[in-house]
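Here it is, written out as structure tokens:
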């Protein structure tokens, strides 16, 4: 079980801010493939992952990062702080 | 180090006075304040800033710690707001205190460059009937390159 969070337009496209996901994925990329296979709205949100960023347990990382012992994965567009 | 992520407004003058006060070892305080600007063709009604509670504070703290390692700083202040803001409102401020101005200036620029593209905030501009997420700029990402040490 892993908490998956979505922010900004990713949240809007998927239609919810967070959900708990039962997964066997061992990397972020595998989790993305599982989510894309679920429904069209996920497939759309993840259609171009070069436009997305990912954080595992609140640390920015890459899509090939391992999910071992991860509790929280977040997907979002490039940040626009400041 | 003082890192604050908050919805409500802050008084930049008072914050800066308090930050600079009572530091006989400090000869320079540099500050930057970011405001909501309205350059869209349609007048902006408001800006909505979303963030990632928990990660936001961690990311800003990491950036501030990195600044403290790179430069000789007596203190760092970062205040960043989220929620609904209007044109002219203050979004955020950073301040750095140091013995000499060179460190304070460089560290403030470093903090701003990293806050722009490494702190989990997302801005949305709401105009008449439209709302649009602000896109990250290539130049913001490129701005980080100058802080990367070259071999």
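Residue numbers (our numbering), protein chains in the order written: chain Y, 959 to 1040; chain W, 405 to 555. Virtual Cβ for every residue (Gly too), placed ideally from N, Cα, C.
Output needed for residue i: all residues of its chain with C-beta closer than 6 Å, excluding positions within five of it in sequence on either side, in chain order.
i                       : result
residue 508 of chain W  : 432, 434, 500 and 502
residue 518 of chain W  : 467
residue 547 of chain W  : 517
residue 520 of chain W  : 544
residue 405 of chain W  : 468 and 480
residue 448 of chain W  : 442, 491, 529 and 531
residue 1030 of chain Y : 961 and 1015
residue 436 of chain W  : 498, 512 and 516
Taking only three categories from DSSP, how would you classify residue i?
i                      : result
residue 500 of chain W : strand
residue 532 of chain W : coil
residue 475 of chain W : coil
residue 417 of chain W : helix
residue 460 of chain W : helix
residue 452 of chain W : strand
residue 406 of chain W : strand
residue 977 of chain Y : strand
residue 486 of chain W : coil
residue 548 of chain W : coil
residue 965 of chain Y : coil
residue 433 of chain W : strand
Taking Cβ-Cβ distances shorter than 7 Å, what residues in chain W pair up with residue i?
i                       : result
residue 1040 of chain Y : 438, 496, 516, 519 and 520
Do residue i and residue j have their C-beta atoms within less than 8 Å of each other?
i                       : j                       : result
residue 460 of chain W  : residue 409 of chain W  : yes
residue 440 of chain W  : residue 487 of chain W  : no
residue 512 of chain W  : residue 498 of chain W  : yes
residue 483 of chain W  : residue 419 of chain W  : yes
residue 551 of chain W  : residue 514 of chain W  : yes
residue 473 of chain W  : residue 480 of chain W  : no
residue 1028 of chain Y : residue 1020 of chain Y : no
residue 983 of chain Y  : residue 1025 of chain Y : yes
residue 959 of chain Y  : residue 991 of chain Y  : no
residue 539 of chain W  : residue 528 of chain W  : no
residue 442 of chain W  : residue 532 of chain W  : no
residue 978 of chain Y  : residue 526 of chain W  : no
residue 413 of chain W  : residue 494 of chain W  : yes
residue 438 of chain W  : residue 973 of chain Y  : no
residue 1018 of chain Y : residue 522 of chain W  : yes
What does residue i touch in chain Y if you count any residue whose Cβ is under 9 Å from its own?
i                      : result
residue 540 of chain W : 1035, 1036, 1037 and 1038
residue 484 of chain W : 1039 and 1040
residue 537 of chain W : 966, 967, 970, 1035 and 1038
Leaving aside the five residues before and after residue i along the sequence, list all residues of the same chain whose C-beta is less than 8 Å from its C-beta, in chain order.
i                       : result
residue 1022 of chain Y : 985, 986 and 987
residue 462 of chain W  : none
residue 1004 of chain Y : 990, 993, 994, 1010 and 1033
residue 1002 of chain Y : 971
Residue i touches chain W at which residues, Cβ-Cβ below 8 Å?
i                       : result
residue 1018 of chain Y : 463 and 522
residue 1003 of chain Y : Correct list: empty, because the minimum Cβ distance to chain W is about 13 Å.
residue 1013 of chain Y : 456, 459 and 524
Using a Cβ-Cβ cutoff of less than 7 Å, which residues in the same chain neighbour residue i once the five nearest sequence positions on both sides are dropped?
i                      : result
residue 950 of chain Y : No answer is possible for residue 950 of chain Y: it lies beyond the span of chain Y, which begins at 959 and ends at 1040.
residue 450 of chain W : 488, 489, 490 and 530
residue 966 of chain Y : 1034 and 1035
residue 427 of chain W : 478 and 501
residue 407 of chain W : 461, 464, 465, 468 and 482
residue 476 of chain W : 502, 503 and 507
residue 411 of chain W : 485, 486 and 487
In chain W, what lies closer than 9 Å to residue i by C-beta?
i                       : result
residue 965 of chain Y  : 454, 455, 456, 524 and 526
residue 983 of chain Y  : Within chain W, no residue comes near residue 983 of chain Y; the closest Cβ sits about 21 Å away, beyond 9 Å.
residue 1032 of chain Y : 456, 459 and 524
Name the chain Y residues whose beta carbon is nearer than 8 Å to that of residue i?
i                      : result
residue 451 of chain W : Neighbours of residue 451 of chain W on chain Y: none; closest Cβ ~10 Å, over 8 Å.
Quick one: complete beta strand (DSSP E) runs, 3+ long, within the stretch 1001-1031 of chain Y? 1011-1014 and 1017-1019
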